[in-house]
Amino acid sequence: QRDLLPMPTNRDIADQLDLVYQLMQLAGENRFKAIAFDRASQTIRGFEEDLGTYIEEKRLTDIKGIGKSIANDIYTYVETGYMPVLEAFKEKVPVGLIQWLDISGLGPKNIVKIHQQFGISTLDELKECIDRGDLAELPGLGAKSVEKIKKSIAWMEQFEERCHLNEADEIAHELIQSLQDLPGVKAIEVAGSLRRSKETIGDIDILIAADKAHIDPIFDSFTSHERVVEILGRGETKSSVRSKEGRQVDLRIVDPESFGAALMYFTGSKEHNVAMRSRARERGLSLNEYGLFKLNNEGETDWEAKISSDKESSIYKDLGLYWIPPELREDRGELDWFSEHEHMPLIKQEHIRGVIHAHSTWSDGKYSIQEMAEACIARGYEYLGITDHSKTAGYAGGLSVDRVLAQWKEIENLNAHYAAEGVDFVIFKGIESDILGNGDLDYPADILAGFDFIVASVHQQLDMPLEAMMDRFKQAIENPFTTMIGHPTGRLLLKRGESALDMNALIEHAAEQQTAIEINASPWRLDLDWTWGNKAKQTGLFTSVNPDAHSIDGIDDIQYGVRLARKAKFDQPRVLNSLSAKDFLSWAKASYESKS
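Taking my numbering, I'd label the letters of the sequence shown as residues 7 to 602.
Shown next as structure tokens:
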């Protein structure tokens with residue numbers, strides 16, 4: 007039967023395991039058993055190799071994070087097209103209930119209770135149940151809870167369940183600014199996925215260290231902030247609100263002595279926390295949001311034997327680790343690394359010396375080349391690589407050959423002007439060339455040769471089959487004129503999915519050909535995805551943190567790309583726009599010569 011079924015991709019397998027995890031939550035399964043599936047899903051989703059060989063040789067358990075039981079589930083899925091554990095939970099819990107997990111005020115237990123009582127499993131059926139008044143009659147809910155559920159559903163339908171990194175950043179920054187100088191606030195930090203610089207954010211988590219006497223006034227200030235449109239809940243140590251953008255923001259206030267432990271715990275990820283708690287257990291210790299404690303003779307937490315809790319770094323140190331930067335806390339080898347190394351060399355914002363991949367009014371940008379250049383100079387950058395769209399992108403004002411030649415003259419004149427004025431700044435002649443359906447670039451060789459560098463991107467026919475899309479990209483990567491690939495998957499976060507690509511193979515091929523793959527820093531893209539960071543590091547792939555700026559403000563999106571580059575474990579030497587202008591051009595020339 008195997009011969010009749012296509013081999014599932016890493017992503018297919020990860021999706022199946024993630025579905026098991028979601029259904030397990032709803033079925034009330036043991037939390038750690040459910041987390042095992044979630045961890046396996048995340049491991050496979052970012053695994054640097056095709057799982058095919060591991061599956062054929064029955065050695066999936068060689069991969070950290072995949073146990074024997076889950077490995078057998080995967081083997082069965084590959085052989086039959088079905089995963090028995092998933093099918094069993096589908097019989098227990100309708101898949102449609104997964105969407106309900108995002109409703110504020112509804113936990114897994116109540117979701118299952120509603121489903122069993124009323125026999126419903128879709129959001130529309132739940133709304134009808136609320137409108138009829140049936141839900142308020144259910145024991146344990148009541149009118150107040152149902153009203154909260156109804157509002158949450160309305161917000162879900164009006165806004166995305168998650169938001170872009172820049173939106174969450176802005177909300178958190180403004181709230182922290184309003185709270186940090188209040189009496190009693192001894193420390194304040196953003197936590198959760200935002201602190202870890204995930205590409206999209208669900209709830210926004212803020213943590214404050216303060217004594218009990220100051221908790222109520224701090225919560226008063228938080229819940230009355232002008233950005234808050236709804237108070238979702240207020241307790242003794244946690245308050246939750248809805249911002250005007252529809253985002254849930256949770257503020258927790260903890261005892262200053264437990265701040266470090268709480269910050270680590272609420273930063274996550276849950277996979278990282280599980281690994282940390284396991285490491286603590288191996289050392290006869292217990293780790294939780296209150297601190298690091300010794301275990302008693304019965305193997306239980308001895309609450310009187312606290313070791314450390316006020317500083318994150320102390321907790322890591324007491325577990326035989328150096329402090330781990332938050333963006334790396336995804337259980338992707340960081341514990342092994344920081345058990346032996348004090349630092350991992352990572353790119354920083356101050357390392358970025360130039361702006362690559364920016365558009366002007368020559369195509370679909372909002373500002374002239376000179377205006378974009380002046381904005382870069384004002385920000386302290388040393389060069390600007392203009393990359394307007396190529397001719398095929400007619401919808402975006404793509405440049406004909408004649409317009410390319412005219413643009414080059416303008417750039418030459420501007421560079422002469424800066425040189426005469428003694429301004430140490432240069433504009434590069436670049437282009438964002440469409441990768442055509444057959445893998446070719448968008449101009450004849452004599453024109454391509456005139457550019458200082460070329461970003462090659464796919465903008466059309468994004469839904470090509472995997473094999474055809476891979477052939478298309480491989481040809482573009484091998485083209486001597488291609489300096490780097492732009493936004494490889496074509497995704498638009500929270501709006502459009504990814505093209506079919508084998509990213510492991512694509513990264514390997516690009517590294518072999520000395521073709522970079524950009525990290526598109528637009529918060530709508532953040533593509534190359536950070537989950538391919540281990541593969542990129544293993545192969546020595548080069549990148550460039552590019553804002554894809556269509557406006558002056560867009561230049562500042564570089565900060566989000568830097569955060570994702572750090573999450574993907576890129577160090578400065580592998581980030582091309584951390585080089586000087588001269589060295590950047592030398593790298594582009596070397597890339598061309600290596601493929602010619």
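We treat Cβ as the ideally placed atom computed from N, Cα and C, and that holds for glycine.
The count of Cβ pairs closer than 8 Å, one atom from the region 381-394 and one from the region 580-593, reaches three, so the stretches are in contact. For the set Leu405, Glu336, Val464, the Cα lying nearest the Cα of Lys204 is the one of Glu336. In the DSSP assignment, Arg248 is bridged to Glu236, Gln254. Contact between Leu327 and Ser345 is confirmed by a C-beta separation of about 6 Å, below the 8 Å threshold. Under DSSP, the beta-bridge partners assigned to Met490 are Val461, Ala522. The criterion of a C-beta distance shorter than 7 Å is satisfied by Gly239 and Ser246. In the structure shown, Thr86 adopts helical secondary structure according to DSSP, grouped into three states. The secondary-structure analysis by DSSP pairs Gly360 across a beta bridge with Tyr389.
The three-state reading of DSSP puts Ser597 in helix, counting H, G and I together. Straight across, the Cα-Cα distance linking Asn540 with Glu514 is about 12 Å.
Secondary structure remark: continuous beta strand (DSSP E) runs of at least 3 residues inside the region 261-303, in chain order: 291-294, 297-301. A Cβ-Cβ contact shorter than 7 Å links Ala33 with Val99. For the options Lys575, Glu504, Ser463, the alpha carbon positioned closest to that of Glu524 is the one of Ser463. Residue burial is scored here from C-beta neighbours: Phe299 has at least 16 other C-beta atoms within 10 angstroms and is therefore classed as buried. In the pairwise beta carbon analysis, the region 185-194 is classified as touching the region 216-231: at least three pairs are separated by under 8 Å.
Scanning its chain for C-beta atoms nearer than 6 Å, with the 5 sequence neighbours on each side dropped, one finds around Asp256 the residues Asp209, Asp211, Ser246, in chain order.
DSSP places Phe434 in the strand class (E or B) of the three-state scheme. Restricting attention to Arg201, Val581, Lys154, the CA atom closest to the CA of Pro332 is found in Arg201. Scanning Trp530, Ala193, Asp577, Ile80 for the CA closest to the CA of Gly546 turns up Asp577. Straight-line spacing of the CA atoms in Val91 and Ile41 works out to 15 Å. Rounded to whole angstroms, Ala384 and His347 show a C-alpha spacing of 37 Å.
Lys192 and Tyr271 have their C-alpha atoms roughly 19 Å apart.
Between the alpha carbons of Asp217 and Leu468 lies a gap of roughly 55 Å.
Less than 7 Å separates the beta-carbon of Phe459 from that of Thr489. Runs of alpha helix (DSSP H) with 4 or more residues, each lying fully within the region 102-137, are found at 114-124, listed in chain order. Going by C-alpha positions, Ser227 is about 13 Å away from Gly190. Residue pairing by DSSP places Glu195 opposite Leu213 in a beta bridge. By the criterion of a C-beta distance shorter than 8 Å, Thr243 is surrounded in its chain by Ile221, Arg258, Ile259, Val260, once the five residues flanking it on both sides are discounted. Proximity to Leu352 across Tyr81, Arg572, Val118, Ala20 peaks at Arg572, based on C-alpha coordinates. Lys323 has no beta-bridge partner at all, per DSSP. DSSP, read as helix, strand or coil, puts Asp533 in strand. Taking a C-beta distance under 7 Å as the contact criterion, His363 and Val461 qualify as a contact pair. Here Trp309 is exposed: its Cβ has fewer than 16 other Cβ atoms, across all protein chains shown, within 10 Å.
Nearest Cα to Lys157 within the set Arg248, Glu484, Lys397, Pro262: Arg248. The Cβ-Cβ distance between Ile437 and Ser396 falls below 7 Å. A distance below 6 Å between beta-carbons, with the five flanking residues on each side excluded, links Arg580 to the following residues of its chain, in chain order: Phe548.
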